[in-house]
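Line by line, the protein sequences are chains A, B, C and D.
Anchor point for the first sequence: position 162 equals 172 in the working numbering, and the numbering is continuous, going up by one each time.
Anchor point for the second sequence: position 15 equals 25 in the working numbering, and the numbering is continuous, going up by one each time.
Anchor point for the third sequence: position 10 equals 20 in the working numbering, and the numbering is continuous, going up by one each time.
Anchor point for the fourth sequence: position 104 equals 114 in the working numbering, and the numbering is continuous, going up by one each time.
Beta carbons: idealized from backbone N, C-alpha and C, even for Gly.
Protein chains: 4
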Amino acid sequence: MTANDVHYNKPAARFKLTRVGVSGVRKPIRVRRPGKEVVLTATIDLFVDLPATQKGSHMSRNVEVLEEAIDSASARDIGSLEEYAAGLAKSLLKRHEYATFSEAHIGADYFLDKAAPSGRKTTEVYRLTATARGRREGGRLVVKKTVGVEVTGMTTCPCAMEGVRELMRKRAPRAAKAMADVPMVTHNQRNVTTVRMEVPEGSDVEADDLIEMAEGALSSPTREILKRGDEAALVHAAHENPKFVEDVVRGILERIVERYKNLPDDAEVVVRSVSQESIHKHDAVAERATTLGELRK
Amino acid sequence: MTANDVHYNKPAARFKLTRVGVSGVRKPIRVRRPGKEVVLTATIDLFVDLPATQKGSHMSRNVEVLEEAIDSASARDIGSLEEYAAGLAKSLLKRHEYATFSEAHIGADYFLDKAAPSGRKTTEVYRLTATARGRREGGRLVVKKTVGVEVTGMTTCPCAMEGVRELMRKRAPRAAKAMADVPMVTHNQRNVTTVRMEVPEGSDVEADDLIEMAEGALSSPTREILKRGDEAALVHAAHENPKFVEDVVRGILERIVERYKNLPDDAEVVVRSVSQESIHKHDAVAERATTLGELRK
Amino acid sequence: MTANDVHYNKPAARFKLTRVGVSGVRKPIRVRRPGKEVVLTATIDLFVDLPATQKGSHMSRNVEVLEEAIDSASARDIGSLEEYAAGLAKSLLKRHEYATFSEAHIGADYFLDKAAPSGRKTTEVYRLTATARGRREGGRLVVKKTVGVEVTGMTTCPCAMEGVRELMRKRAPRAAKAMADVPMVTHNQRNVTTVRMEVPEGSDVEADDLIEMAEGALSSPTREILKRGDEAALVHAAHENPKFVEDVVRGILERIVERYKNLPDDAEVVVRSVSQESIHKHDAVAERATTLGELRK
Amino acid sequence: MTANDVHYNKPAARFKLTRVGVSGVRKPIRVRRPGKEVVLTATIDLFVDLPATQKGSHMSRNVEVLEEAIDSASARDIGSLEEYAAGLAKSLLKRHEYATFSEAHIGADYFLDKAAPSGRKTTEVYRLTATARGRREGGRLVVKKTVGVEVTGMTTCPCAMEGVRELMRKRAPRAAKAMADVPMVTHNQRNVTTVRMEVPEGSDVEADDLIEMAEGALSSPTREILKRGDEAALVHAAHENPKFVEDVVRGILERIVERYKNLPDDAEVVVRSVSQESIHKHDAVAERATTLGELRK
């Protein structure tokens with residue numbers, strides 16, 4: 011027996027495996043975005059399945075596939091992280107001839123120029139994620155891909171606002187009356203909302219749009235630089251727009267249904283919103299994992 | 011409108027939600043284990059679903075359910091984390107009358123007395139997880155529960171061991187011959203393996219047994235105190251038992267099939283093994299998510 | 011040469027080392043608190059220094075020292091984490107005869123029963139830390155110890171509150187007038203504040219007191235269960251007490267100076283407050299690292 | 011009183027603060043390295059001190075300073091992270107006229123092309139850190155800066171290797187004899203080593219050199235792609251070069267003393283090595299924090 015045979019040995023215990031691969035590979039990835047080229051510091055996981063008859067997977071092939079994708083000239087023309095992931099999922103199936111399934115996850119911080127209420131420019135950080143799953147269908151390789159965003163923003167609680175209004179009516183009825191149409195104090199907090207959508211071939215799902223939808227559904231987006239006037243304007247606007255995590259998720263679902271009318275019913279959608287409650291030590295969470303078809307009912 | 015109505019308002023966007031609740035609640039939990047009572051520092055997530063017709067979930071009820079479970083006299087008699095989780099899943103459905111689904115996750119560090127190769131006692135840390143999912147079935151509440159363990163151990167790579175043997179044959183053929191039956195140097199590393207199993211009513215699935223199976227399937231368990239003799243014995247034994255992550259997962263699956271002959275075919279099993287590769291900056295991963303029935307085929 | 015000599019070999023490069031030891035050891039620790047006994051899941055680091063003449067430290071002795079401390083009958087009578095740490099620092103110097111310095115860090119989650127504004131009981135999580143540093147002074151072992159707490163609470167921003175008041179004066183002058191004495195909306199957020207104090211022999215510095223000082227200096231403590239009345243009361247009170255992170259640190263320093271009149275001037279104090287800003291993606295931080303003597307000036 | 015005055019109010023409690031500022035700001039930073047331009051995803055902390063007479067620090071100025079540094083044309087010519095940090099520390103003192111001290115920390119993942127034993131190219135990830143501390147000296151601003159690297163590599167334990175050799179002598183004396191000059195099996199593991207050095211004005215301290223020194227002092231560097239021949243060669247070489255964490259730290263100190271003969275005696279040096287022990291659940295740590303002068307003695 012040569013050492014080379016180790017991976018092909020029949021395993022003592024004959025079970026197939028759902029996923030075998032590498033996780034936490036870090037690489038710089040260059041992606042062409044509209045009007046610019048961005049360099050992302052990506053964290054990547056790559057998997058294939060393994061039949062019961064084979065002892066081990068050739069894990070070094072996974073990182074080779076990745077390194078080749080990064081070095082290849084054509085990679086320069088890749089316009090999105092999910093295209094990147096799709097290319098990796100295909101190459102994984104080509105290189106692991108025994109595999110029937112492949113999976114590539116990519117995550118990376120991502121920056122966009124945004125505006126404070128005054129219009130002043132600020133650079134904001136988001137997180138992009140992309141997943142692609144490949145399988146063999148007859149002789150063809152079929153890949154399904156998703157794009158995801160993680161957006162940090164702000165929620166103001168509608169329930170505590172009503173509670174404080176009641177309290178004020180008792181304690182300071184005159185002031186309470188004058189404030190009938192004015193937002194009351196409430197707890198607000200940092201919120202992290204994630205949106206993940208399947209990207210059917212030929213569709214126009216864009217990470218930048220998902221970020222905009224998420225920021226629009228929060229009580230307010232947050233901005234890294236807020237001079238005094240901006241700070242007051244943002245805080246006031248957020249209090250005129252109180253939102254539970256439930257509302258944030260539903261607001262995004264509504265925007266998705268409205269925006270992606272041409273996408274098929276079976277396109278998958280996952281939206282999750284987590285408020286790092288300022289009045290508690292724990293977080294509040296809402297989530298919907300479903301398909302576009304379900305949302306259209 | 012009273013403030014009290016806020017949660018019952020019809021939501022602007024009418025979508026039901028898959029999960030609404032709290033995450034990251036930390037509580038001390040007392041569990042009776044065979045022959046002892048242990049106090050665990052638990053991290054808990056609690057969710058219910060939310061119908062399209064209701065604006066918000068009463069999140070404070072979730073933590074109340076938890077606090078009551080901890081304070082109630084009967085809680086003192088709870089013998090496992092998964093029983094705890096099942097109780098929480100039931101209470102969640104009772105308190106959230108609008109919910110059709112509930113979910114409780116609990117995670118906690120857990121300590122067991124184990125032995126070094128010499129028999130010397132050492133205290134080892136593991137992580138326990140428990141999940142329970144409740145739903146209404148007619149007028150009844152039905153709960154499905156799982157128990158999980160996270161075990162840190164050691165893997166030694168069979169592939170590099172063969173590679174080094176080949177290398178030795180070329181560089182030092184005489185020594186290589188004398189070493190034909192002796193384990194060769196290879197890379198070894200910290201490995202984190204998780205096992206999660208459904209616990210059907212009346213079954214005897216125990217976290218302590220899953221820990222033992224995982225430790226048995228690794229190249230070697232690790233121990234916090236190893237005097238010199240113990241250290242050499244453990245290292246040598248681990249090299250006589252080289253394992254890919256693939257082998258670790260399959261070894262556990264084999265033990266599960268053998269051990270739980272009386273469990274039903276639809277019982278869910280997830281086994282995942284992650285080696286923090288000493289020769290790479292990334293990890294190696296193998297996973298199987300399936301049912302006992304599939305494994306028995 | 012016997013294997014036993016490896017640690018005593020002269021190192022190729024002759025440099026002494028500041029710290030050599032183990033980190034991230036997890037153990038259950040039993041501590042007697044006033045009126046109760048608590049079991050903590052502790053994370054422990056243990057170090058000694060190493061002279062230039064010695065190749066390696068006997069690291070297994072560190073964990074042995076720890077295991078013995080946990081098992082010894084006398085450990086049952088230990089009343090605080092910092093006493094525990096002091097015992098470990100002493101034992102480390104006894105067991106590492108070549109060392110001139112030792113250090114023990116312990117961290118653990120810790121729970122206290124607290125009250126919501128209505129008086130309703132809730133269990134709250136905090137983090138305790140303890141550090142002890144030992145050294146030889148003549149034939150004696152001298153140990154200096156500190157106790158620390160990490161408290162999660164809430165800050166409301168005074169600056170944005172003033173900004174919103176100004177904005178209201180322009181947009182809704184009538185309402186603004188009626189609200190002259192009423193707290194305005196502002197951003198508020200989860201805040202994590204840490205206090206660390208030296209504990210001179212015979213002093214009465216107690217973690218529970220430090221927790222109370224920190225909660226008192228925040229805009230408001232947070233509570234895990236808040237029914238509607240409690241929620242409104244807590245939110246309103248927090249807005250009547252707006253605090254920058256700077257104010258939180260100074261408020262705690264003031265309480266420490268007032269409370270610990272009998273402590274010596276050279277007692278070390280570190281206070282740090284971090285607000286997880288709801289309007290930004292980054293945190294705001296204030297810190298003072300000093301001695302009681304400096305604070306008394 | 012205008013809202014603008016809030017930050018200048020005299021604080022209720024009059025204590026100066028050591029650090030006030032922002033932490034966790036994420037920005038893309040462009041740095042010119044020899045022969046290339048790299049884009050780093052940086053995490054940044056910025057602080058100034060605060061006199062006892064001033065209520066709050068103008069935190070938004072910190073992020074403005076940062077945004078200006080990134081946008082300014084001259085920033086394009088910045089050749090290192092520590093230069094970047096030094097520029098920030100100076101700007102902080104200019105913008106916070108009340109401050110006597112400023113501090114900037116920057117951390118970022120960083121990639122270098124390296125070679126596997128066969129010469130095959132692989133891209134490896136490291137972490138860069140930079141710190142700059144500014145103070146006023148008469149009318150001048152004086153800045154002290156440091157550069158740091160975090161390198162993930164591999165250590166093989168000399169002590170267990172000797173232990174196994176002893177064990178073999180007893181169990182298989184003939185094989186043991188034949189193996190007298192051959193590396194024995196031992197535990198090996200992922201190791202994370204950090205080096206931080208002061209960078210005096212005009213010195214030639216370079217992050218890339220520190221990375222090379224750290225990789226040279228480990229049992230072996232690790233590489234993301236290792237085909238079978240490379241894997242065996244790397245594993246074998248690492249076993250011919252067993253290292254305690256103590257050895258790694260001393261090996262780097264030795265290289266630093268040798269390499270930086272022209273640096274002043276008061277230049278600060280911190281070296282720390284952490285092995286994620288494959289035979290334990292905890293880590294092994296060695297550290298030296300000192301000055302070049304002390305190391306030269």
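Boundaries (first-last residue) of the beta strand (DSSP E) holding residue i
i                       : result
aspartate 59 (chain B)  : 46–60
glutamate 147 (chain D) : 131–147
asparagine 72 (chain A) : From DSSP, asparagine 72 (chain A) is part of no beta strand (DSSP E) but of the alpha helix (DSSP H) over 69–81.
proline 38 (chain C)    : 27–43
alanine 95 (chain C)    : That residue, alanine 95 (chain C), is in no beta strand (DSSP E); its alpha helix (DSSP H) goes 91–105.
glutamate 113 (chain A) : 111–125
Residue span of the alpha helix (DSSP H) that contains residue i, given as start and end
i                       : result
leucine 263 (chain B)   : 255–269
serine 229 (chain C)    : First-last for serine 229 (chain C): undefined, no H or E at that position.
histidine 249 (chain D) : 238–249
Rounded distance between the beta-carbons of residue j and residue i, thought under 8 Å
i                       : j                        : result
arginine 42 (chain A)   : isoleucine 116 (chain A) : The Cβ separation is near 15 Å, so there is no contact.
glutamate 124 (chain C) : arginine 233 (chain C)   : Per the sequence presented here, residue 124 (chain C) reads as lysine, with glutamate not at that position. Lysine 124 (chain C) to arginine 233 (chain C), Cβ: 7 Å. Contact.
alanine 224 (chain B)   : histidine 197 (chain B)  : The pair is not a contact, with the Cβ atoms about 21 Å apart (cut-off 8 Å).
Close-in-space but distant-in-sequence residues of the same chain around residue i (CB under 6 Å, 5 per side omitted)
i                          : result
valine 250 (chain D)       : The sequence shown places glutamate at residue 250 (chain D), not valine. Correct list, in chain order: Pro193.
phenylalanine 25 (chain A) : Ala62
glutamine 286 (chain A)    : Gln199, Arg200 and Asp293
alanine 96 (chain A)       : Ala142, Val153 and Lys155
glycine 261 (chain C)      : Ala227
Cβ-based burial, residue i [other Cβ within 10 Å; buried from 16]
i                       : result
valine 245 (chain B)    : buried
glutamate 208 (chain D) : buried
glutamate 268 (chain B) : exposed
serine 128 (chain D)    : exposed
aspartate 257 (chain B) : buried
threonine 12 (chain D)  : Below a pLDDT of 50, predicted positions are generally treated as unreliable, and threonine 12 (chain D), at 44, falls in that range; the measurement from the model is reported next regardless. With fewer than 16 Cβ atoms within 10 Å of its Cβ, threonine 12 (chain D) is classed as exposed.
asparagine 14 (chain A) : For asparagine 14 (chain A), the predicted model reports a pLDDT of 49, less than 50, meaning its position is unreliable; a value from the coordinates is still stated below. It counts as exposed.
proline 252 (chain A)   : buried
Whole-angstrom distance between residue j and residue i, CA atom to CA atom
i                           : j                        : result
leucine 236 (chain C)       : threonine 165 (chain A)  : 18 Å
histidine 290 (chain D)     : aspartate 276 (chain B)  : 37 Å
alanine 227 (chain B)       : threonine 203 (chain D)  : 31 Å
glutamate 306 (chain D)     : lysine 65 (chain C)      : The sequence shown places arginine at residue 306 (chain D), rather than the glutamate named in the question. Each residue's Cα considered, the two are about 19 Å apart.
proline 44 (chain A)        : aspartate 218 (chain A)  : 10 Å
phenylalanine 121 (chain B) : glycine 158 (chain B)    : 14 Å
alanine 242 (chain A)       : alanine 247 (chain C)    : 21 Å
threonine 139 (chain D)     : tyrosine 94 (chain A)    : 29 Å
alanine 296 (chain B)       : arginine 29 (chain C)    : 37 Å
glutamate 47 (chain B)      : serine 283 (chain C)     : 37 Å
alanine 126 (chain C)       : isoleucine 266 (chain C) : 25 Å
glutamate 134 (chain D)     : valine 280 (chain D)     : 23 Å
glycine 148 (chain A)       : methionine 189 (chain D) : 54 Å
asparagine 72 (chain C)     : glutamate 107 (chain C)  : 13 Å
Own chain residues within Cβ distance below 7 Å of residue i, not counting five before or after
i                     : result
leucine 151 (chain C) : Lys100, Leu103 and Gly144
glycine 239 (chain A) : Ser128
glycine 303 (chain D) : Asp275 and Asp276
leucine 27 (chain A)  : Asp59 and Leu60
Close Cβ partners of residue i (< 8 Å) along its chain, the five nearest in sequence each way excluded
i                      : result
arginine 36 (chain C)  : Thr51, Ala52, Thr53 and Ile54
proline 210 (chain A)  : Leu273, Pro274 and Ala277
glutamate 74 (chain B) : Arg105
Heavy atom of the ligand PLP within 8 Å of residue i beta-carbon
i                     : result
glycine 129 (chain B) : Ligands are entirely absent from the displayed structure, and the ligand PLP is therefore not among its contents.
Residue-chain proximity (residue i, chain F), Cβ-Cβ < 9 Å
i                     : result
leucine 102 (chain C) : You won't find chain F in this structure, because its protein chains are A, B, C and D.
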